[in-house]
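As structure tokens, the structure follows; a few thoughts come after it.
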Amino acid sequence: MSEDLKPREEPLFPDDDVAETRRTPIPAQHGPAQHGPAKHGPAQPGNDETLEEDEGSSEVLEALETREQNPTPPDSEPEKKRPRKKRVALMIALPLVLAIGGGYFWLTSGRYISTEDAYVQQDKVNVVPEVAGRIVKVGAGENQPVKTGDLLFAIDDAQYRVEVDQAKAAVASARLEVERMKAAYASALADKESADQSLTFAEDTFNRQDRLHDRGFVSQSALDKARLDLQQAQAKARSAEQSVMSAKAALAGNPDIATDDHPEVMQALAKLEAAELDLDHTVVTAPANGIVSQTDRLRVGQYVTSGTSVLSLVETDEVWVEANYKETELTYMRAGQPVEIDVDTYPDHPLKGRVASVGAGTGSEFSLLPAQNATGNWVKVVQRIPVRIAIADLPKDAPLRTGMSVSATVDTGRSPEMPDFVEKGLAFLGFSFPTATAQAHETVAAQGVTQH
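452 is the number that full-length UniProt numbering gives the last residue of the sequence shown; the numbers go up by one with no jumps.
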């Protein structure tokens, strides 16, 4: 079929409106009709046009019914304006959020000082036996909580009991010796009294013999014998005097001294006390409330020496946080300021505390080998100073262990000074903003010095 004989169709809905359906009629052809049953005789052109119009009408009706069932929503004006409203709201909200965030950052900058270089601290005691010996009993297990006076371990005390008995015997012997000294002193006094009497008699005899010899009634030999007796009596008197002084000195210069106050007895008593103390040290008890550690290496029969650490005790009565802040962050930090503590082990259990004290020096100053900046090349490094933080209330359901990592945030209470133009603008709008003055800072500093 040639191109001139093909039907030319137009869209059913030109410009979104249903219009007349125009279809180019098909020219009449000789021969049998193209539609309908075959008829004898020449084809009728009028019948073909009527058939095409009926088919076109049916298609238009179907299209109209479909459009009525599924109508196309018209483009409404609110839908066109909605994206514009969103853009306007975003343009207003974004600067507002930025302004609020910037204001909050400005208000809190410098007030809250935080660090993650902070750890839980507890006193640690190295348990050292005072005496040497073999362990006969271990009373505490690894990581076992103990109270003051609880048995940790015991050492064989047989040797120390013998030493106590020997010390007791030495005390008894010293007391007897003091009593003997007192008796010797009394005997020396008696001997001195007898020597004094003999001396007096010898002096009288010599004087009498001397007078008689002058008158010629006594011979020279009798006078010489009287002189010799006098000399012997004087020697005995001097010896008796020395004996008394020696006996008195043995009694510490006090003849009436109490037996237990005598130095020898006191020395013996001291040895006895030392022996009893060593005996007591064979039983090692907990010096404080806490948790024992490293007891797993203690065994019955193991020999321990005095002065050697055998286990550790971590005290639980006092717990604090040691936070290492940069030296540039301590400008407004003072004792007594509140602290919020976040323990890494218990992220949902924040703790409250306060600044107890600020370290006397940087950590490098107390190290084993302090830095020597006078030699070699020097590079400035910001130092850190330890700050002790007291915990307000120890949690019972969240036990703290020494060495735990925490985050500590100190509220210095400092607000930055507001620029004049911002303060005037806020005042013009009717707002009042708290600002930190220099006088307030000086007051806080003075309070911190007073607390120290």
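Every residue, glycine too, gets a C-beta built ideally from N, C-alpha and C.
Contacts around residue i, its chain only, beta-carbon distance under 8 Å, and the 5 residues preceding and following it disregarded
i    : result
D317 : A288, N289 and G290
G139 : D150, L151, L152, F153 and A154
A170 : A268, K271 and L272
D210 : L223 and A226
N143 : I291, V292 and S293
E179 : T259
D229 : A202, T205 and F206
Q220 : H213
Residue range of the unbroken alpha helix (DSSP H) whose run includes residue i
i    : result
L279 : P263 to D280
Residue i in three-state terms, based on DSSP
i    : result
Y112 : strand
G290 : strand
E203 : helix
T409 : strand
Y185 : helix
Q337 : coil
L94  : helix
V300 : coil
A154 : strand
K124 : strand
S306 : coil
D342 : strand
P83  : helix
A118 : strand
A172 : helix
V88  : helix
V162 : helix
V146 : strand
R211 : helix
V381 : coil
S367 : coil
P129 : coil
A398 : coil
Best match in the options for proximity to residue i [C-alpha to C-alpha]
i           : options                   : result
A286        : G149, K137, M91 and F153  : G149
D344        : P399, S198 and A195       : P399
V146        : R215, Q220, T282 and S312 : S312
I341        : A118, E179, S415 and A240 : A118
G361        : P370, R354, G353 and V355 : P370
G301        : L189, D157, W320 and E322 : D157
A408        : R384, A167, E322 and F366 : E322
R334        : T305, D296, A237 and R388 : R388
A190        : V162, F217, E163 and M245 : M245
A247        : V292, L223 and A188       : A188
S364        : E327, L199, Q122 and L223 : E327
A392        : L212, S243, L230 and V339 : V339
V128        : V284, R175, V382 and M266 : V284
L394        : D280, G353, L277 and D296 : G353
residue 473 : E315, E203 and H262       : Outside the modelled stretch of the chain, which goes from 1 to 452, sits residue 473, for which no answer is possible.
L330        : A89, A172, T115 and L279  : T115
D280        : W378, V164 and K168       : V164
Enclosing beta strand (DSSP E) for residue i [first to last residue]
i    : result
S312 : L311 to K326
A390 : R384 to I391
S352 : With the sequence shown as reference, residue 352 is identified as Lys, and Ser is not the correct amino acid for it. Element bounds for K352: L351 to V358.
G133 : G133 to V138
V283 : V283 to T285
Beta-carbon proximity list for residue i, same chain, < 7 Å, skipping 5 on both sides
i    : result
E241 : K192
T412 : R111, I113, Y332, M333 and Q337
L298 : I135, V138, F153, V310 and L311
R227 : F206
E53  : Because E53 carries a pLDDT of 49, less than 50, the predicted location of this residue cannot be relied on, and the following value inherits that uncertainty. Within the same chain, E53 has no close Cβ partners at all.
V120 : V319, V321, L400, R401, T402, G403, M404 and V406
S198 : A233 and K236
D196 : A237
E315 : Q122, D123, V125, A288, N289 and G290
S306 : P129, E130, V131 and A132
Other residues of its chain near residue i: CB distance less than 6 Å, five sequence neighbours each side excluded
i    : result
V358 : V387
D278 : V131 and Y160
Neighbour flag for residue i against chain C, beta carbons, 7 Å
i    : result
A252 : No chain C is present in this structure, which holds just one protein chain.
Which residue spans inside the region 216-258 form an unbroken alpha helix (DSSP H) run of at least 4?
The alpha helix (DSSP H) runs lying completely inside the region 216-258 and spanning 4 residues or more are 220-250, given in chain order.
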